[in-house]
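To start, the structure itself, in structure tokens.
In the working numbering, the protein residues as written are 11 to 212.
Put into structure tokens, the structure is as follows:
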């Protein structure tokens, strides 16, 4: 089975760590796993055997922001087309909203087994500071990305928020809680460390 993760980049965030943990798990099960990053930033060690590719955007034109999503979708399609010379992807997992906006415009992935993975409550991130027409417009933009799509949420509340706050009816909505590598956490906890003198906050 060939699995493709797509993400905006791999800075030191929680969603990025989840993606790498899942990728490592799939690799351990003998699957072929690719990860396409839309930015050349990576603050984590990569699992052994992972096909990691950066799809960097070299456009420097003054109007680049206006054409960014469609341009990046074409770049993604080109990378997928090249990679699929080695075999078609059976499952595509898109992570983080900016990535989702690009993946939703992909020509090659239209009608494929694509799942959009939501790692947080969208209304808090995108609607909390908006009101009136601005709020309505943002709801419409987000709705266009996820309407009728396959969605994975990290909790029931995240999925429910998407449905209720953005009037979205996903093709499928599943909850998969964030994975944890418990043995790795226990091993890290056993490593020697220097605790500061006095009170401290973790």
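C-beta: ideal position from N, C-alpha, C; glycine also.
For residue 82, the three-state secondary structure derived from DSSP is helix. Annotation for residue 149: 176 place their beta carbon closer than 6 Å to its own, counting only its chain and skipping 5 residues before and after.
In the structure shown, residue 109 adopts helical secondary structure according to DSSP, grouped into three states.
About 24 Å separates the CB atoms of residue 51 and residue 72; that is not less than 8 Å, and the two are not in contact.
Listed in chain order, the non-local C-beta contacts of residue 155 below 7 Å within the same chain comprise 110, 111, 114, local neighbours out to five positions each way being set aside.
Residue nearest to residue 84 within the set 97, 69, 96 is 69 (criterion: CA-CA distance). At a cut-off of 3 residues, the continuous stretches assigned as beta strand (DSSP E) that sit fully inside the segment 110-191 are 124-128, 160-163, 182-185.
Around the beta carbon of residue 167, fewer than 16 other beta carbons sit within 10 angstroms, so the residue counts as exposed. Close CB contacts of residue 65 within its chain, under the 8 Å cut and outside five residues either way in sequence, are with 46, 47, 48, 82, 85, 86, 89 (chain order). Annotation: residue 203 to residue 28 spans about 25 Å, alpha carbon to alpha carbon. Under DSSP, residue 38 shares a beta bridge with no residue.
In the structure shown, residue 63 falls within a strand segment according to DSSP collapsed to helix, strand and coil.
Residue 197 and residue 63 have their C-alpha atoms roughly 30 Å apart. If you draw a straight line from the Cα of residue 39 to the Cα of residue 130, it comes to about 27 Å. Nearest neighbour of residue 122 by Cα position, chosen from 26, 100, 193, turns out to be 100.
The beta carbon of residue 59 sits closer than 7 Å to the beta carbons of 37 from its chain, once the five residues preceding and following it are set aside; these are given in chain order. Checking the DSSP bridge columns, you'll see residue 52 partnered with 20.
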